[in-house]
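K.L.:
One point on numbering: in my numbering, the residue at position 153 of the sequence shown is 316, and numbering is uninterrupted.
Built from N, CA and C at the ideal position, the CB exists for glycine as well.
All figures in this text were calculated on a predicted structure; none of them were measured in a lab.
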Amino acid sequence: MTTASHGNDDTAIFGNRFATKEVPTRTFPSTGMPAQDAFRLVAEDLVLEGDPARNLATFVTTWMEPEAQRIIAENLHRNFIDHAEYPRTAEIEQRCIRMLADLYHAPGETMGARTQGSSEAIMLGGLSLKWNWRKRRTAAGASTERPNLVFGGDVHVVWEKFCRYLDVEPRIVPLRPGKYTIGPDDVLPRVDENTIGVAAVLGTTFTGHKDDIVGINDLLVRIKRERGLDVPLHVDAASGGFVWPFLYPDSPWDFRLEQVRSINTSGHKFGLVYPGIGWLIFREKADLNEDLVFTENYLGKTDATFTLNFSTGSSMVLAQYYNFVRYGRAGYTYIMQNMQANARALGEKLAAMGLFELIGADEEQLPLVAFRLLDHNGFDEFDVAWQLSAERGWMVPAYTMPPDAQQVTIMRALVKETMSREHVDTLARDIEQACATLAKKGGAHEYERSRMVTGSGH
Ligand SMILES: *Cc1c(COP(=O)(O)O)cnc(C)c1O
Numbered sequence: 164m165t166t167a168s169h170g171n172d173d174t175a176i177f178g179n180r181f182a183t184k185e186v187p188t189r190t191f192p193s194t195g196m197p198a199q200d201a202f203r204l205v206a207e208d209l210v211l212e213g214d215p216a217r218n219l220a221t222f223v224t225t226w227m228e229p230e231a232q233r234i235i236a237e238n239l240h241r242n243f244i245d246h247a248e249y250p251r252t253a254e255i256e257q258r259c260i261r262m263l264a265d266l267y268h269a270p271g272e273t274m275g276a277r278t279q280g281s282s283e284a285i286m287l288g289g290l291s292l293k294w295n296w297r298k299r300r301t302a303a304g305a306s307t308e309r310p311n312l313v314f315g316g317d318v319h320v321v322w323e324k325f326c327r328y329l330d331v332e333p334r335i336v337p338l339r340p341g342k343y344t345i346g347p348d349d350v351l352p353r354v355d356e357n358t359i360g361v362a363a364v365l366g367t368t369f370t371g372h373k374d375d376i377v378g379i380n381d382l383l384v385r386i387k388r389e390r391g392l393d394v395p396l397h398v399d400a401a402s403g404g405f406v407w408p409f410l411y412p413d414s415p416w417d418f419r420l421e422q423v424r425s426i427n428t429s430g431h432k433f434g435l436v437y438p439g440i441g442w443l444i445f446r447e448k449a450d451l452n453e454d455l456v457f458t459e460n461y462l463g464k465t466d467a468t469f470t471l472n473f474s475t476g477s478s479m480v481l482a483q484y485y486n487f488v489r490y491g492r493a494g495y496t497y498i499m500q501n502m503q504a505n506a507r508a509l510g511e512k513l514a515a516m517g518l519f520e521l522i523g524a525d526e527e528q529l530p531l532v533a534f535r536l537l538d539h540n541g542f543d544e545f546d547v548a549w550q551l552s553a554e555r556g557w558m559v560p561a562y563t564m565p566p567d568a569q570q571v572t573i574m575r576a577l578v579k580e581t582m583s584r585e586h587v588d589t590l591a592r593d594i595e596q597a598c599a600t601l602a603k604k605g606g607a608h609e610y611e612r613s614r615m616v617t618g619s620g621h
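#1: Does the Cβ of Met-516 have 16 or more other Cβ atoms within 10 Å, making it buried, or fewer, making it exposed?
#2: Evaluate the contact criterion for the stretch 191 to 208 versus the stretch 524 to 540: three or more CB pairs, one atom per stretch, below 8 Å.
#3: Could you work out which residue in Glu-272, Glu-283, Leu-396, Met-502 is closest to Tyr-328 when comparing CA atoms only?
#4: Which ranges does the beta strand (DSSP E) cover as unbroken runs of at least 3 residues, wholly within the stretch 420 to 444, from first to last along the chain?
#5: Between which two residues does the beta strand (DSSP E) holding Asp-399 run?
#6: Starting from Met-502 and walking both ways along the alpha helix (DSSP H), at which residues does that stretch end?
#7: Measuring only the C-alpha atoms, how far is Ser-552 from Ala-607?
#8: Report all residues from its chain with a CB closer than 6 Å to the CB of Gly-605; omit the five preceding and five following residues, and keep chain order.
#9: Mind checking whether the beta-carbon of Asp-399 lies closer than 7 Å to any heavy atom of ligand 1?
#10: In terms of DSSP beta bridges, what is Lys-373 paired with?
#11: Would Phe-243 and Gly-510 be called neighbours here (beta carbons separated by less than 8 Å)?
#12: Could you give the DSSP three-state label for Tyr-267: helix, strand or coil?
#13: Along the chain, where does the alpha helix (DSSP H) that runs through Met-286 open and close?
#14: Counting C-beta neighbours from all protein chains within 10 Å, is the total for Phe-622 16 or more, i.e. buried, or is it exposed?
#15: Leaving aside the five residues before and after Glu-332 along the sequence, list all residues of the same chain whose C-beta is less than 6 Å from its C-beta, in chain order.
#16: Could you give the first and the last residue of the continuous beta strand (DSSP E) run that contains Tyr-562?
#17: Quick one, which of Tyr-267, Val-205, Ile-522 has its alpha-carbon nearest Phe-445's?
#18: Less than 7 Å between the CB of Ile-154 and some heavy atom of ligand 1, yes or no?
#19: Beta-carbon within less than 8 Å of Ala-167's beta-carbon, same chain only, minus the 5 sequence neighbours each way: which residues are those?
#20: I think Val-436 touches Met-582, with their Cβ atoms under 8 Å apart; what is that distance to the nearest whole Å?
#21: If Val-406 sits next to Met-499, beta carbons under 8 Å apart, how far is it from one beta carbon to the other, in whole angstroms?
#22: What are the residues that DSSP puts in a beta bridge with Pro-333?
#23: Tell me whether the stretch 240 to 255 and the stretch 499 to 508 touch, counting them as touching only if at least three CB pairs, one residue from each stretch, are closer than 8 Å.
#24: Note the first and the last residue of the continuous alpha helix (DSSP H) segment covering Glu-230.
#25: Would you say Gly-441 touches ligand 2, meaning its beta carbon is less than 7 Å from a heavy atom?
#26: Output the distance between the C-alpha atoms of Ala-198 and Asp-454, rounded to the nearest integer angstrom.
#27: For the putative contact between Val-377 and Pro-415, defined by C-beta atoms under 8 Å, what is the C-beta separation to the nearest angstrom?
#28: Under a Cβ-count criterion, where at least 16 other Cβ atoms within 10 Å of its own Cβ denotes burial, should His-240 be classed as buried or exposed?
#29: Report the rounded CA-to-CA distance for Leu-287 versus Ile-235, giving the unit in angstroms.
#30: Less than 7 Å separating the Cβ of Lys-432 from some heavy atom of ligand 1?
Take a look at the structure:
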């Protein structure tokens, strides 16, 4: 056989000339290729990716119903921002905002925005906090030079990003071993007349717990009464916004609390929609600074927009609305309770092995298991994560906590909608097996281990 057999005649019949050639990676291709070849080239690359069903690291949705997938696939050609051409899509966005405001106990009619995720929602919410603060200060003839924002070390990185991008001093409450959320005593010494707001988390990415939002609200109410300082509270409910209303409906964290003025949530986390969609909901219209709203006359229709993005897809908004009407409160409650039951089952199995300690499993928590080794006998959490992935393909992350709890390493397994009890039992066995392997051969992560040895708590 000669190389001629790989020529055009054969590829025209068999396709996929990249079976034996390097794929384009650096220079812009001078010629194209048949659709089938392009399809296979991309698809074959992705075969090497991790399996989303075994990705217990992500909070983001990895499965939706076939009907929802159909809605998504059939609306990819619809630009969400073209409100004049696609008024029903715009109306469906507004329905979602109203339903979330209702779920979060907004006292009356309010405003909100669809965003790409919680990060965009937090940038916008933070901007509104800053502009409202500046308006209050200007009206009082006071300086607007040094705005600050108070939050804990348990927040997502986007809060520090907001502070750096928008020139706001971050006043960060440090964590410490055993204390992974914040409360009123942490906030009190950091609040002053230059505080644009306090950000509290409902469902932290680190351990899945909530800051003491009730306590912080009570403190801010007291500061308002005693010192005349009206400091708004923003709740970052990226994950918790679709968990607490269903698992802990009687636990107040939302607009039932007086100082909570805005809330963000990620539709693509426990809202059960594929990425990317997020929401920002204000308590009242007045909480959105009106100078941030752009009113455009676009193609003959007046449109008020408050987003960083312009063009984006409609599919995820439609998919979010699909989930709301498909599941309702009862459906979301059913799904969340299943996830919680399986998370608890996994936690119990891990605890029963005698190797691990669970972090705050008896508190209100996202459906996940946060755990750590009781002892570091020759291997650490990074080794367990690595071994588990190598042996069984499970992706369960190990990470160190933020300052000042850096010496603490935690592992975290999200228990999603598709994680059945059978998966949980298998995962528990696989974790035990990975630890048994490590006990025999020792760990591989010298750097991490030496760092652990210098830490306390073991
Ligand atoms: C995920 C997350 C974010 C960022 O949200 P995206 O939707 O990924 O942009 C912010 N805060 C918390 C607490 C999160 O869990």
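P.N.:
The answer reads as follows:
#1: exposed
#2: no
#3: Glu-283
#4: 423 to 429
#5: 396 to 399
#6: 478 to 515
#7: 14 Å
#8: Gly-541
#9: yes
#10: Leu-365
#11: no
#12: coil
#13: 281 to 302
#14: Past the boundaries of the shown model lies residue 622; the chain is included only from 164 to 621, so the question cannot be answered.
#15: Asn-311
#16: 561 to 563
#17: Tyr-267
#18: Lying outside 164 to 621, the shown extent of the chain, residue 154 is not represented and no answer is given.
#19: The predicted model places Ala-167 with a pLDDT of 42, which falls under 50 and marks its position as unreliable; any figure quoted below should be read in that light. No residues qualify anywhere along the chain.
#20: That pair is no contact at about 18 Å.
#21: 6 Å
#22: Leu-312
#23: no
#24: 229 to 237
#25: This structure lacks ligand 2; the ligands present are ligand 1.
#26: 48 Å
#27: 6 Å
#28: exposed
#29: 26 Å
#30: yes
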